[in-house]
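Sequence lines, in order, name chains A and B. Its first residue numbered 1, the first sequence is counted upward by one per residue in the working numbering. Its first residue numbered 1, the second sequence is counted upward by one per residue in the working numbering. Even for Gly, the Cβ is constructed at its ideal location relative to N, Cα and C. Encoded as structure tokens, the structure appears first; notes follow it.
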Amino acid sequence: QPQLQESGPGLVKSSETLSLTCTVSGASGASISGSGYFWGWVRQPPGKGLESIGSVSYTGRADYSPSLKSRVSLSVDTSKNQFSLRLTSVTAADTAVYYCVRLVSLYSDFESRYFQYWGQGILVSVSS
Amino acid sequence: QSVLTQPPSVSGAPGQRVTISCTGSGSNIGAGYDVHWYQQLPGTAPKLLIFGNNNRPSGVPDRFSGSKSDTSASLAITGLQAEDEADYYCQSYDRSLRDYVFGIGTKVTVL
Chain A
1 QPQLQESGPG LVKSSETLSL TCTVSGASGA SISGSGYFWG WVRQPPGKGL
51 ESIGSVSYTG RADYSPSLKS RVSLSVDTSK NQFSLRLTSV TAADTAVYYC
101 VRLVSLYSDF ESRYFQYWGQ GILVSVSS
Chain B
1 QSVLTQPPSV SGAPGQRVTI SCTGSGSNIG AGYDVHWYQQ LPGTAPKLLI
51 FGNNNRPSGV PDRFSGSKSD TSASLAITGL QAEDEADYYC QSYDRSLRDY
101 VFGIGTKVTV L
């Protein structure tokens, strides 16, 4: 199974841009370029539930949660086996643990995707 | 507030059977979208527990099972063990929101 590891600053100032990178490693199924997989982000505010942010394929085609679409962009770097998240104009409401995830689709469609593997998560706090 | 409703907590004695409900609507579970379940042990990342309503990934004990009917789904844990103390989240797709949605999570306590 793949290992996913988030990296990036743990503290971001309000109104600035949050940037995180996920490095994928391991044996089988660990290549970002593998077909049938999607790479994404889920966040969890302290003491609260889970929220999907978006996902991206190895081609760079991305899908975003409508609630965050105006502020989010995802990208992939297949040469480094990494993918990244940028979230602009952050506020205190964006303080959360951010998990990078691998998604797979049951029926080769968007709607049946689920979050198969998760990174350990990184806490990002937004300060005023 | 989530479009998928879960009880905040359930509890049971070791060896007992507990169930966690996940109630949706006609725009998600009732629309035919599959339900997936995740287990989050204290201080750790969520882990896939059930996918496609009732399928267990390799390595997940068969004490865990899922089901789906109409606009709701359930996760059952039989032979409850101390190590099952965790938060459990259901997840599906909502066609009105055009997004993946999670339940608020259910904390399972082993008495």
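For B:R56, no CB of chain A lies under 8 Å from its own CB, so it is not counted at the interface with that chain. In this model, A:T88 and A:K13 are separated by some 11 Å (Cα to Cα).
For B:G30, the secondary structure class from DSSP, reduced to helix, strand or coil, is helix. In terms of beta-carbon proximity, A:Q120 lines the interface with chain B, with at least one pair separated by less than 8 Å. At least one CB of chain B lies nearer than 8 Å to the CB of A:Q116.
CA-to-CA, the gap between A:V126 and A:T95 works out to about 5 Å.
Interface residue (Cβ-Cβ distance to chain A less than 8 Å): B:G52 is classified as such. Look at the region 87-111 of chain A: the residues with a C-beta under 7 Å from a C-beta of chain B are Y99, L106 and E111. By the Cβ-count criterion, B:Y33 is buried, with 16 or more other Cβ atoms from all chains shown falling within 10 Å of its own Cβ.
Of all residues in the region 24-49 of chain B, only Y33, D34, H36, Y38, T44, A45, P46, K47 and L48 come within less than 8 Å of chain A when Cβ atoms are compared, listed by chain position. Taking all protein chains in view, the Cβ of B:K68 is crowded by 16 or more other Cβ atoms within 10 Å, so the residue is classified as buried.
The Cβ atoms of A:V72 and A:I32 lie no closer than 8 Å to each other. At a cut-off of 8 Å between beta-carbon atoms, A:P66 makes contact with chain B. Ranked by how close their Cα comes to the Cα of A:V104, the residues A:G54, A:A27, A:Y37 and A:N81 have A:Y37 in first place.
Listed along chain B, the residues sitting closer than 7 Å to A:S52 by beta-carbon distance are D99 and Y100. Using beta-carbon distances, B:S9 does not count as an interface residue toward chain A, since no partner is under 8 Å. Inter-segment contact for the region 80-96 of chain B and the region 33-51 of chain B is present: three or more beta-carbon pairs are separated by less than 8 Å. B:T109: member of the beta strand (DSSP E) spanning T106 to V110, first to last residue. The beta carbon of B:D99 sits closer than 8 Å to the beta carbons of Y93 from its chain, once the five residues preceding and following it are set aside; these are given in chain order.
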